[in-house]
Each structure stands twice: as C-alpha cells, then as structure tokens.
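So the protein lines, in turn, are chains A and B.
Using my numbering, you'd call the opening residue of the first sequence number 1 and step up by one each time.
Using my numbering, you'd call the opening residue of the second sequence number 1001 and step up by one each time.
There are 2 protein chains.
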Amino acid sequence: MMEYTVVSSRVRLARNLADTRFPSRASLSEVEKVEKTVVHAAKNLFDASFYRMSELGDSEKNYLVERRLISPALAESVYGSALIKKDKSLSVMMMEEDHIRSQSFASGLDLETCFSAVKEFDLALRSKASLAFDKSLGFLTACPTNVGTGMRASVMMFLPALTTLGKVGELEEELKNANLTIRGALGEGTKADGCIYQISNGISLGISEETIINRVSSAAERVRLIEGDLLDAYYSREKIALEDAVFRAYAILTSARILSQKELEGLVVNVKIGTMLGLISIDHVNLDELTFMCKPFSLVRLTGCGNSSLERDITRANTVRNILKGKED
Amino acid sequence: MMEYTVVSSRVRLARNLADTRFPSRASLSEVEKVEKTVVHAAKNLFDASFYRMSELGDSEKNYLVERRLISPALAESVYGSALIKKDKSLSVMMMEEDHIRSQSFASGLDLETCFSAVKEFDLALRSKASLAFDKSLGFLTACPTNVGTGMRASVMMFLPALTTLGKVGELEEELKNANLTIRGALGEGTKADGCIYQISNGISLGISEETIINRVSSAAERVRLIEGDLLDAYYSREKIALEDAVFRAYAILTSARILSQKELEGLVVNVKIGTMLGLISIDHVNLDELTFMCKPFSLVRLTGCGNSSLERDITRANTVRNILKGKED
C-alpha cells in the first residue's frame, strides 16, 4: 500500500560565500562568483541542468515551482539561478535568501537519504570555496533563524483526521515545545491545501545535524501514529459518511470530463483516506504524484495541451481518469 | 431504450351525483351514498382496495400521494376515500373537489388506453346512478373549469433542454393558444422538479373527449420533437460539459452511500439525458420508476428501513446502487 501519511522528506542547507555580500545587496560579479562556485562544486558529483531565472519563461519557472524544485521567491528574483540534478532528487538555489541553498528530496520518511545527498554536495562546496562561517555560531545566513547548521529538515505529512477534528493547533503547541514547527505544505504562511503539512526544525543553532534529523523523524513517526489512531476512531464513529465521501470522490475522479486542480486536490484527500482505511485499493497509482502531475504548468508540459483553463481542466480529467483506470494515455 | 421524454399519461373524469350536495357541503349520508355508488359500480369491473382517509395512517396516505394515486387534497380531507385498482392503473377518488374523480394511468404516451379504462368505469357508474348533468353544458362539477366532459387528459413530460434553455415560457404561450396548459409535475402551482412537466387540456367544455385526447397527444408529440432537437443542438454545443454532468451523475448514483431524494432527482435528470443522447445505456432500469420507489414513504414501505432521514438516505443510496449495478437487493 502507498504511504500517504508521510508524503515526502526534504533536507536543505543554507550557505553563503565568505566575504561576499548577501543576495539582497550583492553585485553582479558576486552573483557570477556564486554561480561558478556551485557549478564547479557539483561538476563531478551529478548530472545537472543550470537555469538562470532571467533566462526562463514563466511556464518553465512555474513548472519548477510546482515541482517544488525552486521557491516562488527564487522564480521572481532577478539574479536567481538553480542547478537541478537530472533525476530531480536534488536542487541548488542560488541568490535566493542566501547565496546557496541546496535541498534534497525523498519520498516517504527518509531524512537520512536527503541529508547524505546534500552533505555530499556541501562537502564538495566547502572544498572549492570559503564559506561564511563563525567558530562559535556556525554557518552564517541572511536570516538569523538559519544560523548554525543552516539546515532545515522537513517532512510533508497528510493529516486529514487531525485537520477534520481541529487538532492541528494542539499539535503545533506540542511540537513548539520540542523546537519543531508545523505549517502549510508550501512553507511559511501557506495554507494546508489537501490536508498536507510540513513539520520541520524551528532552530538550527546549537544543535547537530544528526540531532535535528532524529528529532524531526521521531516527531513524524509520532504524528503518523496519532493521525492513524484518530483516523481509525473517526472512521468507526462516522463509517457511512466517510465511505460516502470516499466512494463518491473515487467515482468522480474516474468519471469527470472537466476537473479543476482545486477539485482534484479535494477529491484526492478522500481517496487517500479510502486507501488508508483499506476501503479502496489503487496500488498502481501514487495519488500525490498524480496531483503534482496535474498542476497547470506540469500538465501542459506533460501532455502538450492548450493552456486555457478549460483545456487544462478537460485534459486533467482525461489524464486522471485514464491513469486511475490503468490505461496508458 | 427507455422513453424518458414522455413519462406517462393520465386521464381523469370528474363526476357528481345528481341531487347531492358538492363535497364541501355534503352530509355524512351523502358521503356514504357516494362511497356505495362507486364501490357498486366498480364491483364487477376490477379488483380494488377501498381506503377511507380517516382510517389511514399518515405513512399510508403519504405513500398513496407519492405514487400519485390520490391527491394531497384528498389525503387531508376528512370524508375522502379512494378505490384503487389492484394493479394501480386506475384509482377513483371520492369526496375530493368533486364526488367522484376516476383516473387512469399508463406509461409513455397512451391517452387512449387511459381513456378507455376510465370510460369503462364511467359507463358502469352511469348505469348505477344518476349523475349531475345538464343537457347544454354536460357534466356539472364543483369548479366551472371542469364542466362539460369533466375530463382532464394529461401527459407528464421530461423537458431538460427546454428547461435549461429557458424556453418553457414560450412553449406555455403557444400551448395556451391551443387551450392547453403546461405546469409542474404535481399539478397547479407546483414546481417542475426534475424537469418534469404536465401538459393537459385547459378546458373541458364544448369539446369532445376524443378531441381533447387528440389535441393533448399531438401537443405531446410535437413537444417531444422540439425537446429532442433542442437537446441534440445543446449537446453539440456543450458536448464536454454535458458529458461531464452525465458521467458524474451516474458515478455518484452508483457510488454514494448516503443519498437524499432531492439529490437523487437532480442526478437522475442528468443520467436520463445521458441515456437519451446514447452516452450511457441502462436498459435494465426505468429511472422514473427508481425515483418513485425511492420517495420517503415508498422507500420505507419497500425496504422496511427505519424512518429517520439518515436511515432513508442510506437505504436509498444502497437501493439505487444495487439496482443500477443490476444486483438483487
């Protein structure tokens, strides 16, 4: 069965070159120095593509944002660029808030894999360049919250029962005591669309990378258990209402001829609940992948469909229907 | 393929006994006289059940109203009664607006069959009793609009395209010129739930029964053609939107675990459109029958389910799903 409670893991490291102004005040030659350093460091590590934001069209930038390979802030920046590993498991953003932010992704709960990937790049980077580092504080960053390890370890979690029962606030308080934060899927200030939240370390100072990863992993494990228990209890209380929602959602996904992304995401919540409760079995499809694939720019890129809202909604409906029904189309 | 445009036909005759006060002013002995006359007239014609409204419970009365075997007015009357043919193709209401209102039903467009059934009863009635009749006016009735033949020939029609395109008003004007009326399915002052309308003769004076039947039949044939053309044209203009609505509706009907009658009726509209356009084929189910069967009192009677709204909604969902999927349950 697909793991839907822990959607994915991510580790990112924030780094800045020594004796170089932070992005908000950097000169063009400093921008070029950062780009060269990153490309040089990655050269013998992995195959990657280099993208300068100023040279990308809107659809390409939006596609990268949709896939979470770059941040919306980077997409809008004038001097930003990104180096993205071909298999899309790792990306390095340049001239976002910091000079260099490397991030690595894995599906499910696997912060260790993410950490070793960014660590490998970070070691290469350190061997090629002198980084802004303070013996007592650690790595220096544009925002004080990232000073220290410069690391954020985060886990995306699907928490429908906690959401429905209004218990996310409670969880937030608990996590705060362990210096962890929970927020909407797209980061600070975003809403938890599709009941997806990000749990991550709140501080990165005075604490080792390993400790951060252990804390976030343990919290994710605990939250997974809480969510599972709450969902089971909710199901035994609201059996028919929940089954109604699950089977309707699946029926609409496999029948609609016009489907907006917003509706898709709402329906996917219920279908994932259905698979978690064993009400339906769709092992041939990762519904999170399907949702990503259907985001506007990703969909146009994937299918070559027209870029009007209606054309996308029709193509999305056909794509979802065919994939769920196991047809190649 | 099921005929969904013309749902059903009905002919009713209004009669009153001579020298007997109209229902609103009748004495108890006059009520008894009417009852006896009707029972006596029907005796050798068909097997029937006799129901006195004062002796029926609410659920029984509501069931008869749901099946359109009696009017809501009769159900509420103190001295009303009904004689209902076992196969439910004919019912005689007593002490409603008139002393005696016999009505016969047929599915599809078949006013002739309805007329011959009520005519047979009417001839028997006339042979047993003296009716209120005026040589120049014809049969006398409580409301002047029924004076003459005392007949109303009506056809229930499903008109989704005319409804959606807002053309029912136009049609109403046209029909008015031919002394025909169109109104909501449950008669005067009711709304056209489920896009179902009743077309019938507006007057019954100075015109023969045959002429009434011919006029209403021809109008129904014409409206059927208009509706068919409009629906085809609408479909070619709004192909995908219509298919979306049709396939979603069918998917929900075959998946929901909780289903209100109101939602059922809305979804059935779209599924019927789908079968009329050949988008889906469900020849094993008459969706109009299914809708009738799921009305609250009919459903409780049929399935023996509890009479709370939720219990009915659950039972309705199960019934609809199983019948559409061809399961006996």
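Glycine included, each C-beta is placed from N, C-alpha and C at the ideal position.
For clarity, every value in this text was computed on a predicted model and none was experimentally measured.
Put simply, of Leu267(A), Glu243(A), Leu242(A), Lys262(A) the residue whose alpha carbon is nearest the alpha carbon of Thr254(A) is Leu267(A). If you draw a 10 Å sphere on the C-beta of Cys1195(B), you find 16 or more other C-beta atoms in it, and that means buried. Along the region 1227–1247 of chain B, the positions whose C-beta sits under 8 angstroms from a C-beta of chain A are Ile1240, Ala1241, Glu1243, Asp1244, Phe1247, read in chain order. Counted as a single uninterrupted DSSP element, the alpha helix (DSSP H) harbouring Leu225(A) occupies residues 209–237. Using a CB distance cut-off of 8 angstroms, Ser260(A) does not count as an interface residue toward chain B. Boundaries of the beta strand (DSSP E) around Ser1102(B): 1100–1107. CA-to-CA, the gap between Ser1049(B) and Lys1086(B) works out to about 7 angstroms. Residue environment: Arg1312(B) is assigned as buried (16 or more neighbouring CB atoms within 10 Å of its CB, all protein chains considered).
The Cβ of Tyr1197(B) sits no closer than 8 angstroms to any Cβ of chain A. Closest in C-alpha terms to Glu227(A), from the list Ser59(A), Met53(A), Gly306(A), Thr164(A), comes Thr164(A).
The beta carbon of Leu131(A) sits closer than 8 angstroms to those of Arg15, Asn16, Leu17, Ala18, Leu125, Phe139, all from its chain and outside the five residues before and after it, given in chain order. Contact between Val271(A) and Ile323(A) is ruled out by a C-beta separation of about 12 angstroms, above the 8 angstroms threshold.
With respect to Glu97(A), Ala142(A) sits close: the two C-beta atoms are nearer than 8 angstroms.
In this structure Lys1043(B) is exposed. Its beta-carbon is surrounded by fewer than 16 other beta-carbon atoms within 10 angstroms. Around the beta-carbon of Arg237(A), fewer than 16 other beta-carbon atoms lie within 10 Å, marking it exposed. Under DSSP, Thr1181(B) takes part in a beta bridge, and its partners are Ser1200(B). Only residues of its own chain outside the window of five on either side were considered, and among them none has a CB closer than 7 angstroms to the CB of Glu60(A). Beta-bridge partners of Ile1273(B) (DSSP): none assigned.
For Leu1259(B), no beta strand (DSSP E) run applies, since DSSP gives it neither H nor E. Rounded to the nearest whole angstrom, the C-alpha separation of Val300(A) and Gly306(A) is 7 angstroms.
The C-beta separation of Ile199(A) from Ala219(A) comes to about 6 angstroms, placing the pair in contact by the 8 angstroms criterion. Under the Cβ distance rule, Ile252(A) counts among the residues neighbouring chain B, one pair being separated by less than 8 angstroms.
Annotated three-state conformation of Phe1115(B) is helix, per DSSP. In this structure, Ile1252(B) lies away from Ala117(A), with their beta-carbon atoms at least 8 angstroms apart. The DSSP-derived three-state label of Tyr51(A) is strand. When secondary structure is reduced to three states using DSSP, Arg12(A) falls in the strand class. Non-local C-beta neighbours of Thr1275(B) in its own chain, meaning closer than 8 angstroms and more than five positions away in sequence, comprise Met1001, Met1002, Tyr1004, Ser1281, Ile1282, Leu1287, ordered along the chain. In terms of CA proximity to Gly148(A), Ser204(A) leads the group Pro160(A), Ala161(A), Met95(A), Ser204(A). Within the region 1198–1216 of chain B, no residue has a Cβ lying closer than 9 angstroms to any Cβ of chain A. At a cut-off of 8 angstroms between beta carbons, Ile1314(B) contacts chain A.
Each residue's CA atom was taken as its position, placing Leu1180(B) and Leu1074(B) some 25 angstroms apart. Residue environment: Arg25(A) is assigned as exposed (fewer than 16 neighbouring CB atoms within 10 Å of its CB, all protein chains considered).
Lys1033(B): member of the alpha helix (DSSP H) spanning 1028–1042, first to last residue.
Interface criterion met: the Cβ of Ser1255(B) is under 8 angstroms from a Cβ in chain A. CA-CA distance, Ala249(A) to Thr291(A), rounds to 14 angstroms.
Going by DSSP, Val1147(B) is part of no beta strand (DSSP E) at all; its letter is neither H nor E.
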